[in-house]
Amino acid sequence: MLLPKKGNASTPIEVQRKQLPIYQAKAQLLNQLRQLQNAIIIGETGSGKTTQIPQYLYEAGIGRLGLVAITQPRRVAAISLAGRVAEEKRTQIGKLVGYTVRFEDVTSSETKLKFMTDGMLLREAIGDPLLLKYTVVVLDEAHERTVHTDVLFGVVKTAQRRRRELNKVPLKVIVMSATMDVDLFSEYFNKSPVLYLEGRQHPIQIYYTKQQQSDYLQAALVSIFQIHQEAPPAHDILVFMTGQEEIEALARTCRDISKHVPDGCGSMVVLPLYASLPPAQQLRVFQPAPKGCRKVILSTNIAETSVTISGIKYVIDTGMVKAKRFNPDSGLEVLAVQRVSKAQAWQRAGRAGREESGFCYRLYTEQEFDNFLPMTVPEIQRCNLAGVMLQLMALGIPDVMNFDFMSKPSPDAVRSAVDHLELLGAVERREGPVFLTPLGKKMASFPLEPRYAKTILLSPEYSCSEEILSIVSLLSVDTVLYNPPARRDDVLAARKKFTSSEGDHMTLLNIYRAFKKVSGNKEWCRENFVNSRNMGLVKDVQAQLRDICLKLNLKLESCGSDTSSVRRCLAHGMFLNAAELQLDGSYVALDTHQPVTIHPSSVLFQAKPAYVIFNELLHTSRCYMRDLCLVDADWLLEAAPEYFGRKLHLSKT
DNA sequence: GAGCACTGC
């Protein structure tokens, strides 16, 4: 994600630090933090807690026996906060103040304040469950409740207790959050005291609709132009919507209408904002509109936390969001448009009051708002837990089925995750308790979904580790294929030369091989509709996975043109994602027996192979399999004889 | 013959 250039304030850093609201509370805060082993700090935006508290601790000599870790849900945040704090301490980044995120470790033996992603600290915990390097762990943005932060809650709590029992240096845990979830946090951390910090949020006037709106897009359109006609042109508008398609459609409508509004109303520039928008277009939201012209930004929830835009005076909140839900019975993740939570609605409104007072138009009634959920359901209760459970076991947690989660996932979801790991051979059940197998331990060392890790670990048996490493890397980033709808025929023509009749995995591998042959040439990427940024990421992931393989003494070799070895290996590792052609020409997923269909984006769309494995199921208008690979029934049987013994028709005619 | 919010290891 790109960041806007910061206006360089001429105020000296020391003065800026003292002007922060938190400075007034410094002495009292340190007094408390010195004594407490756990603290919950509630700070409004702009309080300065994230940059100042680590420095205060360091300056006061608290936790000097080890490092202070400050976790963030996002990479950019970890990196830019470390930069800011290093600047304030007038040191080079990587010395006293450093950061660690995936693919990048800017720390040294001098580092005492370490900003890192929550996922990174969790990875470190696998090698060192007591987190002995650290004397203080600060879990920042805890209200976002990422899966990683939620698992870390349990990890630090356990580490704290174990260190006490073993008479090791104590671990101080500081949880920092926005205003929500206070009681939950405090209760979980042994009724820990809650410290409140005042912020710099400006007042925001909230408006609700008088009647329920049946069409929030129409309501948004009306609101935009109502504000446009009444407010001074320097006041920008931010509209929260659900996705790319609806944003682009409303952008077109706004541009059309703005040509026909009465004179004297000024013009408007309409800017879409969503994650898959090319970086250059994302940057446009930070540029000030020309004088006399209003900026209207139509955004997904990316503008709730990840992107902060200055100059927003008006927020229009549709009250809707697209979010993932998980069904443990079918193993299906579904992306659906749904209501936001109250917490989310307040977060959206807050985007209007960053520099001065603002307005928020909620496109729902106050009664509707009263019925919103107070908090967004934590991600840990909405996702596939197979990876989480594997990680917990690798951490040496004795009873993973009853792990002390702050918000427990459903027993069904836990059970289905453990079943999944058992089928992969990562865990064993011996009269009740669940144990990690040697294979499972190796699987946990990869930053991948368990089935991908398993496939890599199987690949030396098929002498195709190089190919499998490439394929898994390709599958674990966002798509490397660029598909501009306007150039559909060109895309098809360019892709044809890489297409494999054996499926999408082999097609992707062909593209990757060609990409490497031209050393990632940008022009080649453009001509072949390949996303060069994501391809670069594939290379980074592959390098990381290769390192892990070498540490595990796996034999890395290439099978050259023997593609059936690769497909055998995929069949063996991904057998839980297999589908079988039926007599009537349809497919069923063998795991759940639900009817599935080949996604039209697949190179196998026109083909009718008897057996395929697929990368994922996507539930939209139908249940689609995406990224398919042609396999033999025999290979599936070899992979899991008992499992398939009763499932396969083996309709060899 | 479809169309996908946002992160992260």
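All the letters of the first sequence, read from the start, carry residue numbers 1 to 653 under full-length UniProt numbering. C-beta atoms are modelled at their ideal positions from N, C-alpha and C, and glycine is treated no differently.
Span separating the alpha-carbon of residue i from that of residue j
i    : j    : result
T149 : P262 : 51 Å
T300 : Y274 : 6 Å
S108 : G98  : 8 Å
Q226 : A579 : 53 Å
D215 : M320 : 11 Å
Y624 : Q582 : 16 Å
G520 : Q544 : 18 Å
M1   : G331 : Note that M1 scores 43 on pLDDT, short of 50, meaning its location in the model is unreliable and no value can be drawn from it.
I53  : Q92  : 19 Å
G154 : V136 : 15 Å
D627 : N615 : 5 Å
P170 : S500 : 58 Å
E422 : R429 : 8 Å
T653 : E502 : Any answer about T653 is weak, because its pLDDT of 35 lies below 50 and its placement is not dependable; what the coordinates show is given next. For T653 and E502, the distance between alpha carbons rounds to 21 Å.
S357 : V377 : 30 Å
G48  : Q201 : 12 Å
K517 : S561 : 16 Å
Y643 : Q213 : 51 Å
I257 : A251 : 10 Å
A417 : V15  : 52 Å
Q244 : Q282 : 13 Å
Y482 : K496 : 14 Å
F240 : E467 : 42 Å
A640 : T117 : 37 Å
M406 : L373 : 18 Å
Helix, strand or coil at residue i according to DSSP, with G and I counted as helix
i    : result
L556 : coil
G520 : coil
K342 : helix
V427 : strand
L637 : helix
F605 : coil
K5   : For K5, the predicted structure reports a pLDDT of 47, less than 50, and the residue's modelled location is therefore unreliable. The matter cannot be settled from this model.
L436 : strand
L448 : coil
G331 : coil
V307 : coil
Q16  : helix
A486 : helix
V400 : helix
T146 : coil
K551 : helix
V261 : coil
T563 : helix
Integer-rounded CB distance, given that residue j should sit under 8 Å from residue i
i    : j    : result
L130 : K112 : Not a contact, Cβ separation roughly 19 Å.
L630 : P609 : 5 Å
A345 : F369 : 7 Å
V334 : R325 : 5 Å
S192 : I42  : No, S192 and I42 are not in contact; Cβ-Cβ is about 12 Å, not under 8 Å.
S476 : L448 : 6 Å
A303 : L390 : Contact flag wrong, Cβ pair sits at about 34 Å.
H599 : L618 : 7 Å
I70  : D140 : 6 Å
DSSP bridge partner residues for residue i (one or two, in chain order)
i    : result
T597 : Y624
D317 : F240, R362
E580 : V588, Y611
H619 : C623
V296 : I237, V270
A336 : A323
L630 : V612
I312 : D236
L481 : V530
L152 : For L152, which the question treats as bridged, DSSP gives no partner whatsoever.
G503 : C629
K137 : In the sequence as presented, Lys is not what sits at residue 137; that position holds Val. In the DSSP output, where bridge partners are listed per residue, V137 has A69, V173.
Report the residue ranges of all alpha helix (DSSP H) runs contained in full by the stretch 90 to 134; include only those spanning at least 4 residues, in chain order. DSSP runs (the alpha helix (DSSP H)) wholly in the stretch 90 to 134: 118 to 127.
Please go through the stretch 19 to 90 and give each complete alpha helix (DSSP H) segment of 4 or more residues, from N-terminal end onward. Runs of the alpha helix (DSSP H) lying entirely within the stretch 19 to 90 and spanning at least 4 residues, in chain order: 26 to 35, 49 to 59, 75 to 88.
What runs of the beta strand (DSSP E), each 3 residues or longer, lie entirely inside the stretch 210 to 254? Taken in chain order, the complete beta strand (DSSP E) segments of 3 or more residues contained in the stretch 210 to 254 are 236 to 240.
Going along the chain, which unbroken runs of the beta strand (DSSP E) with 3 or more residues stay wholly within the stretch 267 to 294? As far as the stretch 267 to 294 is concerned, its whole beta strand (DSSP E) runs of at least 3 residues are 267 to 273.
Extract the residue ranges of the alpha helix (DSSP H) inside the stretch 155 to 211, only unbroken runs of 4 or more that lie entirely within it. Segments of the alpha helix (DSSP H) lying fully in the stretch 155 to 211: 182 to 188.
What are the start and end residues of each continuous alpha helix (DSSP H) run of 4 or more residues lying completely inside the stretch 346 to 397, in chain order? 366 to 370, 386 to 394, all fully within the stretch 346 to 397.
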